[in-house]
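**Student:**
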Amino acid sequence: MTTTFLGRILLAALIVRVSVPLLAFALNGSLQSLHAVDTPSYMTGAESLIGSGTFSSNGKPELYRPPGYSLALIPGILLGHVELVTVCIQIVLGTGTVLLVYKLAAGLAADERSGRLAAYCYAMEPLSVLFGPQLMSETLFTFLLTLSLYLLVKYVREYQLAVLLASSLAMVACTYVRPVSQYLPWIIAPALVVWGMFRKSNCRRVFFHTVLFLVTTSALIGLWQLRNQRVAGFHGFSTVGVWALYCYHRPWIIANAEGRHLNTVLGGWNDDIKISVPIGPETIPARPYNLLETWPLESRYQQMRQEILQTLLEHPRLVIVDWMKRTALYLVSPGGIEILTVFGREVPRPVLEAAEGKSLIEKRMIYFSRVPLYFGSDLILGAWILLCIVLAGIGFCSGRLYASMAGIILTIVLLYISAVSQASLALYRLRHPIMPILCVWAGLGLSYVLTRVSSRDNQAPCLKKQDRA
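In this text, residue positions in the sequence shown follow the working numbering: the first is 327, and each later residue adds one.
(1) Is it right to say residue 781 is buried, meaning 16 or more other beta carbons lie within 10 angstroms of its own, or is it exposed?
(2) Within 10 Å of its beta-carbon, does residue 484 have 16 or more other beta-carbons around it, so buried, or fewer, so exposed?
(3) Would you grab the beta carbon distance between residue 754 and residue 664 for me? Rounded to a whole angstrom, and I think it's under 8 Å.
(4) Looking at the structure shown, is residue 440 part of a helix, part of a strand, or coil, going by DSSP?
(5) Would you say the stretch 382-389 touches the stretch 472-489, given that touching needs at least three Cβ pairs under 8 Å?
(6) Could you check if residue 528 is buried or exposed, using at least 16 other CB atoms within 10 Å of its CB as the buried criterion?
(7) Span of the alpha helix (DSSP H) holding residue 666?
(8) Whose C-beta lies closer than 7 Å to the C-beta of residue 331 among residues of the same chain, with five residues either side of it excluded?
(9) Among residues of its own chain, excluding the 5 on either side of residue 579, which ones have a beta-carbon nearer than 7 Å to its beta-carbon?
(10) Taking just the CA atoms, how far does residue 424 sit from residue 469?
(11) Where does the unbroken alpha helix (DSSP H) through residue 480 begin, and where does it stop?
(12) Is there contact between the stretch 690-709 and the stretch 731-750, where contact requires at least three CB pairs shorter than 8 Å?
(13) What are the uninterrupted segments assigned as alpha helix (DSSP H) that are 4 or more residues long and contained completely in the stretch 536-598, given in chain order?
(14) So is residue 346 buried or exposed if we call it buried at 16+ other beta carbons inside 10 Å?
(15) Along the alpha helix (DSSP H) that carries residue 506, what are the first and last residues, could you check?
(16) Less than 8 Å separating the beta-carbons of residue 465 and residue 420?
(17) Below 8 Å between beta carbons: does that hold for residue 660 and residue 427?
(18) Reducing DSSP to helix, strand and coil, say where residue 459 ends up.
(19) How many angstroms separate the CA atom of residue 504 from the CA atom of residue 463?
(20) Verify whether the separation of the beta carbon atoms of residue 372 and residue 400 is less than 8 Å.
(21) Which of the three DSSP states is assigned to residue 602 in this structure?
(22) For the 8 Å Cβ check, are there 3 or more pairs between the stretch 511-523 and the stretch 346-361?
(23) Inspect the beta-carbon positions of residue 723 and residue 451 and report whether they are closer than 8 Å.
(24) From the DSSP output, in three-state form, read off residue 356 for me.
(25) If you measure between the beta carbons of residue 501 and residue 518, is that distance less than 8 Å?
(26) Please state if the CB of residue 343 and the CB of residue 459 are separated by a distance shorter than 8 Å.
(27) Please report how far the alpha carbon of residue 359 lies from the alpha carbon of residue 679, in whole angstroms.
(28) Are residue 758 and residue 454 close, meaning C-beta to C-beta below 8 Å?
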């Protein structure tokens, strides 16, 4: 019975994920609407790997993107149908994530019903369904991260070294797709050690396994850092973190500290953060990025890091406010307007011009008043994410996940990804990797609610009989 029910959920997940690219093709006559702003940069890396065997962009070593997702694009490029092949791969990965959500929830609650409800929540989860076919790294990253979490939770129950090392490989793989998880092993490892200390019979075993876990992840991630050092003199895994802090967080903090509009702080910066960058503490206007080519690469990024740190230390209150604001938007931003672009429904230029220079809320109100469809999509998706968060909170508390190591691991990962994924303006899209965790908790919460409702319904006839007696 359980296998049949789970099979139906997986089939439903597959059908809804297939329907999105089919509808996009029907509306637009092609799958081009599945391309996003960042897609060309991944394509460039893949074509470079095929053509020259090097991972480069514009004739220079690529440092901004790691090679993971570009490698996933290679089969489609070689077959001459990059959209079709990649979409098929990502539909399979999205459906596979539904299965992993089921296994996580069923294992946490020791309850098949919780697993099925969690799987159903993620099967219909809008970000996974609507952004799943898009030629972006989120679907692959989310699958690998969820796989790593499943193996970690499995290790906590079984103490098998092979399972923990498999989890480390999955975590390394997802780091090569998106560098946001680069430091995650160093946060999980102390939690495993502390947990092992309370398992006296397995204390040394857990400690030894954790050391091997750290060594494996650090060594494999370090290989790409050595590559960056060798080909470009850059000490790091990716430049994306520095650029994000420098070009998004720092200007917002400066604008609010000085009472200026964000656009005036950005000045002549191009929307492409690789085009121009103001440098140096001296009072010199923003210099075009190409004028800095004479600087050693590491010196440029060291200068940017120093300016980021200086800004953060000078305005700690604004840093906290910025982080809290971005966290709230990260968790509840519906993204309905942006999701419609998957079906080729771009925001009309007059509407974009009317919203130019406005705050986020003012932009939304302009969009809603000019195009009612945007209001409807945001309303539906906003209601979904709020319901999911409420059910996840119920599941977290009712299942006492805060008291189990498996629950603590999921909490650590959710908090970590939420904390470090806010360096982009596309906040709704970056919520994709934490949705499996929220759906696991929501499945537990929904099971708890249904159990309580059922118990009340069963008590009601008994009370009526007692009253009659």
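Every residue gets a Cβ at the ideal spot worked out from N, C-alpha and C, and that includes glycine.
**Tutor:** Short version:
(1) In the sequence shown, the residue the question calls residue 781 occupies position 455. Residue 781 is exposed by the Cβ-count criterion.
(2) Looking up residue 484 in the sequence shown gives position 158. Residue 484 is exposed by the Cβ-count criterion.
(3) Here residue 754 corresponds to residue number 428 of the sequence shown, with the count starting at 1. Here residue 664 corresponds to residue number 338 of the sequence shown, with the count starting at 1. Indeed, because the Cβ distance is near 6 Å, the residues count as touching under 8 Å.
(4) Your numbering for residue 440 matches position 114 in the sequence shown. The answer is helix: DSSP assigns residue 440 an H, G or I state.
(5) no
(6) Position 202 of the sequence shown, counting from 1, holds the residue named residue 528. Burial call: exposed.
(7) Position 340 of the sequence shown, counting from 1, holds the residue named residue 666. Where residue 666 is concerned, there is no enclosing alpha helix (DSSP H), given that its DSSP letter is neither H nor E.
(8) One-based indexing of the sequence shown puts residue 331 at position 5. Apart from sequence neighbours up to five positions away, the residues of its chain that approach residue 331 with a beta-carbon distance below 7 Å are 442, ordered along the chain.
(9) Along the sequence shown, one-based indexing puts residue 579 at 253. Same-chain partners within the cutoff: 637, 641, 644, 645 and 648.
(10) Residue mapping note: residue 469 aligns to position 143 of the sequence shown, counting from 1. Residue mapping note: residue 424 aligns to position 98 of the sequence shown, counting from 1. Near 9 Å, if we compare the C-alpha coordinates of residue 424 and residue 469.
(11) For this step, residue 480 is matched to residue 154 along the sequence shown. Residues 464-484.
(12) no
(13) 566-570, 576-584 and 588-592
(14) As a working note, residue 346 is residue 20 in the sequence shown. With 16 or more Cβ atoms within 10 Å of its Cβ, residue 346 is classed as buried.
(15) Here residue 506 refers to the residue found at position 180 when the sequence shown is read from its first residue. It is not in any alpha helix (DSSP H) - residue 506 carries neither H nor E in the DSSP assignment.
(16) Position 139 of the sequence shown, counting from 1, holds the residue named residue 465. Position 94 of the sequence shown, counting from 1, holds the residue named residue 420. Their beta carbons are under 8 Å apart, which means residue 465 touches residue 420 by this criterion.
(17) Taking the first residue of the sequence shown as position 1, residue 660 is located at position 334. Taking the first residue of the sequence shown as position 1, residue 427 is located at position 101. No, Cβ-Cβ distance for residue 660 and residue 427 is not below 8 Å.
(18) Counting from 1 along the sequence shown, the entry for residue 459 is found at position 133. Three-state result, residue 459: coil.
(19) Working through the sequence shown from its first residue, we reach residue 504 at position 178. Working through the sequence shown from its first residue, we reach residue 463 at position 137. Distance between the alpha carbons of residue 504 and residue 463: 7 Å.
(20) Within the sequence shown, residue 372 is the residue found at index 46, counting from 1. Within the sequence shown, residue 400 is the residue found at index 74, counting from 1. Their beta carbons are under 8 Å apart, which means residue 372 touches residue 400 by this criterion.
(21) The residue given as residue 602 occupies position 276 in the sequence shown. Because the pLDDT of residue 602 is 36, which lies under 50, any placement of that residue in the model is unreliable, and the question is left without a value.
(22) no
(23) Along the sequence shown, read from residue 1 onward, the residue named residue 723 stands at position 397. Along the sequence shown, read from residue 1 onward, the residue named residue 451 stands at position 125. Contact flag unset, no.
(24) Residue 356 sits at position 30 when you count from the first residue of the sequence shown. Here residue 356 sits in coil by DSSP.
(25) The residue given as residue 501 occupies position 175 in the sequence shown. The residue given as residue 518 occupies position 192 in the sequence shown. In this structure, residue 518 does not lie closer than 8 Å to residue 501 by Cβ.
(26) To locate residue 459, count along the sequence shown from 1; it is residue 133. To locate residue 343, count along the sequence shown from 1; it is residue 17. Yes; because the gap between Cβ atoms is below 8 Å, this pair is in contact.
(27) Within the sequence shown, residue 359 is the residue found at index 33, counting from 1. Within the sequence shown, residue 679 is the residue found at index 353, counting from 1. Cα-Cα distance, rounded: 22 Å.
(28) Within the sequence shown, residue 758 is the residue found at index 432, counting from 1. Within the sequence shown, residue 454 is the residue found at index 128, counting from 1. Yes. Within cutoff.
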